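For reference, each letter of the sequence shown is one residue, going 180 to 351 in our numbering.
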Amino acid sequence: ELLKIFQSREEELSSRALLLFGKIYLELDQPLTAINYFESVHYSSIELNDYAYAGMANSEYMLGNLSKSKTFALKSLNINPNLSDAKIILAQILADENLIDKSNKLFLSTMDSSSSSSYAGRKFAQTLLRRNQINEAEKILKQTLINNGIDAPSLELFSDIYWLKGELKTAI
Numbered sequence: 180e181l182l183k184i185f186q187s188r189e190e191e192l193s194s195r196a197l198l199l200f201g202k203i204y205l206e207l208d209q210p211l212t213a214i215n216y217f218e219s220v221h222y223s224s225i226e227l228n229d230y231a232y233a234g235m236a237n238s239e240y241m242l243g244n245l246s247k248s249k250t251f252a253l254k255s256l257n258i259n260p261n262l263s264d265a266k267i268i269l270a271q272i273l274a275d276e277n278l279i280d281k282s283n284k285l286f287l288s289t290m291d292s293s294s295s296s297s298y299a300g301r302k303f304a305q306t307l308l309r310r311n312q313i314n315e316a317e318k319i320l321k322q323t324l325i326n327n328g329i330d331a332p333s334l335e336l337f338s339d340i341y342w343l344k345g346e347l348k349t350a351i
């Protein structure tokens, strides 16, 4: 539906459509393809550079290029200091750099500012799981669901948590 709205009466893909395709490819775990779309957005639309940089940061993070990812996240935040996607990627990078307190604070502030979405809480829980903090991840995810309601990606993450805890019947 969004693609139809963005593309109405246009022959070439609009910048917003390119951005949407980039996000779709990120969800499909195809960061190399996604980054091409985000770069196209960057070169075709100044007004969406914050989102393009955040997308490039996410793509580079998925590829394991932490230094490039951090550079893009900071560029995005310089343009739009309130962009949740950029804050989340930066928080993940800080956690990978072992700057745990800074990472946790950034995750928590992003969760507070994006209270209508469970995305920040899920990413925080995933980051905690990578650090083997299973109980803390469960606590964060429960709070996220209380604040934002139940959604499929959060339930899937709960399944992973219960699996890691050895509670196989609950996980399934």
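Beta carbons are placed, not taken as given, at the ideal position from N, Cα and C, and that holds for glycine.
This structure is a prediction, so every number in the text was calculated from the model and none was measured.
Check: Rounded straight-line distance, which links the Cα of Y230 to that of I258; Outcome: 9 angstroms
Check: Entirely enclosed beta strand (DSSP E) segments - the segment 272 to 326, minimum 3 residues; Outcome: none
Check: CA nearest to the CA of S255, picked from N228, D280, L205 and E239; Outcome: N228
Check: Selection from I279, S288 and S282 that minimises the alpha carbon distance to N261; Outcome: S288
Check: Straight-line gap, P210 to K348 (C-alpha atoms, nearest Å); Outcome: 34 angstroms
Check: Helix, strand or coil at S255 [DSSP, three-state]; Outcome: helix
Check: Environment of R301 [buried if 16+ CB atoms lie within 10 Å]; Outcome: buried
Check: Start-end ranges of the alpha helix (DSSP H) lying completely within the segment 197 to 225, minimum 4 residues; Outcome: 210 to 223
Check: Among Y216, D208 and L207, the one whose alpha carbon lies nearest that of S193; Outcome: Y216
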